[in-house]
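*Asks:* The numbering of the sequence shown is full-length UniProt numbering, which starts it at 1 and goes up by one. Beta carbons are placed, not taken as given, at the ideal position from N, Cα and C, and that holds for glycine.
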Amino acid sequence: MQFSQFGITDIKVSRICLGTMTWGEQNTEQEAWEQLDYATGKGVNFIDTAELYPVPRREETQGRTEEYIGNWMEARGNRDKIVLATKVMGRSDMPWFRPFTDITRLNREQITYALEQSLKRLKTDYVDLYQLHWPDRPINLFDQSRGYKHIEDDDAVPLEETLGVLDDLVREGKIREVGLSNETPWATMKCLHHAETRGLPRVQSVQNAYNLLNRLYEHGLAEVSHREGVACLPYSPLGGGTLSGKYLGGALPEGSRRQLFGRFTDRYQKVNTDDAVAAYKALAEEHGLSLVQMALKFVDSRDFVTSTIIGATTMAQLEENMAAFELAWTEELEQGVSRIFEKYPNPAP
Ligand SMILES: NC(=O)c1ccc[n+]([C@@H]2O[C@H](COP(=O)([O-])OP(=O)(O)OC[C@H]3O[C@@H](n4cnc5c(N)ncnc54)[C@H](OP(=O)(O)O)[C@@H]3O)[C@@H](O)[C@H]2O)c1
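(1) When every heavy atom of ligand 1 is checked, does at least one fall within less than 8 Å of the C-beta of Glu-66?
(2) Could you tell me the distance, in whole angstroms, from the CA atom of Ser-256 to the CA atom of Tyr-210?
(3) In three-state terms, what does DSSP make of Ser-290?
(4) Can you tell me which of the three DSSP states Glu-34 falls into?
(5) Given a cut-off of 9 Å on the beta-carbon distance, is the pair Met-294 and Ile-16 in contact?
(6) Which partner residues does Ser-205 have in the DSSP bridge list?
(7) Can the beta-carbon of Ser-244 be found closer than 9 Å to that of Ser-205?
(8) Examine chain B for any beta-carbon lying closer than 9 Å to the beta-carbon of Pro-237, and answer yes or no.
(9) Buried or exposed: which applies to Lys-297, given that a residue is buried once 16 or more other Cβ atoms fall within 10 Å of its Cβ?
(10) If contacts are defined as beta-carbon pairs under 8 Å, then Gln-35 and Ala-312 qualify, I think. What distance do you get, rounded to the angstrom?
(11) Pairing CB atoms from the segment 168-179 with CB atoms from the segment 99-117, are three or more of them under 8 Å?
(12) Taking its Cβ as the centre, do 16 or more other Cβ atoms sit within 10 Å of Ile-151, making it buried, or is it exposed?
(13) Using only alpha-carbon positions, find the residue among Lys-42, Val-13, Gly-147, Glu-29 that is nearest to Leu-318.
(14) Hey, how far is the Cα of Gly-241 from the Cα of Tyr-247?
(15) Go ahead and pull the three-state DSSP assignment for Gln-5.
(16) Could you compute how far the alpha carbon of Gln-117 sits from the alpha carbon of Glu-177?
(17) As a quick exercise: from Gln-259, Arg-215, Asp-303, pick the residue whose alpha carbon is nearest that of Arg-146.
(18) In the DSSP assignment, what residue or residues form a beta bridge with Tyr-130?
(19) I'd like the span of the alpha helix (DSSP H) that includes Ser-338, first residue to last.
(20) Can you give, in chain order, each stretch of the beta strand (DSSP E) that sits fully within the segment 274-323 and has at least 3 residues?
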């Protein structure tokens, strides 16, 4: 297993981060433990979860993913070997998260409450990385990010206020490092500015979608990662499974994410997506690779990426996905990908 320096810290993270968001919905606790044992057995030390998980979000299942991880760490007695990342919800109107309000916000009362609940479920007294899952201010998020529409945000919790709360939690020893998710270059630089000028915690990572169908991270954030030492943690490196090619030609395999939760995968069903996937699949096969292998190695081979957050619902997927990181990335693959990217730039932003 290869390791990266995490941001500007003394933490080393495996180049593979194990994603967890299917555990508690598509995967049982036993399957989660099997994935955890396998991945950590191969050297993975980095696990990404969230108070929100599993997905799709549901009141009845919320928190299960963190519970499974907490139970596993307790049983294995390995908390100190794991770099544990979780997340607090940004602004949303999901009423079941907080007993005292229907709207989740990134303010003191809510972050403090959310972290306490996560720590209980995770059966630990600290998290290594606490991420803001998405911002408090309204922005064009998830599958709405083609183009920019300004949305007034007069009552958004200011970034410095949120960072101030996190600062207290760092001082209390409940959080080691702070990160962003689903964020923009503007907010990342603003947070770094607050860290420098006000002594607030330095944002060490940005976790955004990044894959062959969505390379928007390269528009601005990749430079921030390089110049400021902010770790890039790409999520959905397979576009939620789209980059396996299994949905080509309108196929809908039984038990797959798209078959189970159609709307949740809209992001990867846009114009040109299938054509791009077919072209990448042909390229991978020309080079004796599966599309999954090429897609994962593409992400891993970007020089601004710190650790790729993978996801799997079966052990066969997890094995194939982890093995992809052992492959070499060649100049021929780079050129082939560039040609397809020119033709189909970011079909699934
Ligand atoms: N910060 C955020 O907003 C955010 C958003 C999304 C994800 N994440 C994080 O990133 C992690 C990974 O995201 P993701 O699950 O979307 O990643 P992904 O790699 O794009 O998709 C993983 C899904 O693709 C399918 N798959 C995986 N390997 C496959 C293979 N070899 N062949 C065929 N199908 C395969 C599986 O779904 P099926 O078997 O159901 O088809 C699997 O659950 C999450 O667990 C979470 O920790 C964060």
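*Replies:* With the structure as the only source:
(1) no
(2) 21 Å
(3) coil
(4) helix
(5) no
(6) Gly-179, Ala-231
(7) no
(8) The chain labelled as chain B is not found in the depicted structure, where only one protein chain is given.
(9) buried
(10) 7 Å
(11) yes
(12) exposed
(13) Lys-42
(14) 8 Å
(15) strand
(16) 18 Å
(17) Arg-215
(18) Thr-86, Val-178
(19) 331-343
(20) 308-310
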